[in-house]
Each structure stands twice: as C-alpha cells, then as structure tokens.
Amino acid sequence: MRRCFILKGEKKQEDGVIASDSPLVLVAHVDGTLANDISQTLRAHRYKVLKACCAAEALKHCAKHHPDVILLDLFLPPTATRALPASNTKAATGLLR
1 MRRCFILKGE KKQEDGVIAS DSPLVLVAHV DGTLANDISQ TLRAHRYKVL
51 KACCAAEALK HCAKHHPDVI LLDLFLPPTA TRALPASNTK AATGLLR
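Quick note on this note's numbering: the sequence shown kicks off at 1 and runs consecutively.
Here it is, written out as structure tokens:
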C-alpha cells in the first residue's frame, strides 16, 4: 500500500503532529497533484496538514490525529467514504470533486 502521510512544521511532537494552535486539516483525495496544491496553500496559511490517498489511510489519520477539518474526495478508493465523516464527529466536512 502506498503511504501518503505528510506533515511539515517547526515543531513536531513524538506522534508526528505539529505542536501549535493551528487547526489540523486532513486532505483526503485520490489526485496527488491536487492534494499537494491544496496542502501547500493550507500550510502557507499556517494550517497543519495531513494527507491521505485512500480511504483506509484517511480513517487511520482520523483515529490517530482527530483532524479539525476533513477535505474529502467522496470517490476515494477503496472504502465507501460516505461513512468517513461519521467516524470523526469532531471534524467539519468539506467536499472536493
């Protein structure tokens, strides 16, 4: 399985999450170029960013890091991602197409 987990920032805690008060955004999208562009834009505005290229990876990030916002491609393989936001009630959900 291809890993698409990327975090950048000045300070990292032991679990890899950036230590700051910035909101954590999970970008879950099958198009890697689009996901990179969105991630770079968010980081430029001082957001912490996690990326996932499949539903299984997105679910792992939700369980471990509890993102504040999820930008979600509803056609993300291989799981039915319509259940993804329900697994993390803390996150507000936006849709990418």
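For every residue, glycine included, the Cβ atom is placed at its ideal position computed from N, Cα and C. No experiment lies behind these values; they were computed from the predicted model shown.
So, residue 30 versus residue 47, is the Cβ gap smaller than 7 Å? no
Determine the closest residue to residue 75 out of 53, 23, 69 and 37, with distance taken between C-alpha atoms. Of the candidates 53, 23, 69 and 37, 53 places its Cα closest to the Cα of residue 75.
Determine whether the beta carbon atoms of residue 23 and residue 73 lie at a separation below 7 Å. no
So is the beta-carbon of residue 41 under 6 Å away from any non-hydrogen atom of the ligand PLP? Of ligands this structure carries none, so the ligand PLP is not represented either.
Sorted by chain position, which residues of the same chain lie with C-beta nearer than 6 Å to residue 61's C-beta, five sequence neighbours on each side aside? Counting only Cβ-Cβ distances below 6 Å, and skipping sequence neighbours, we find 26, 50 and 52.
Looking at the structure shown, is residue 31 part of a helix, part of a strand, or coil, going by DSSP? coil
Pick helix, strand or coil for residue 74, following the three-state DSSP scheme. Reduced to three states, the DSSP call for residue 74 is coil.
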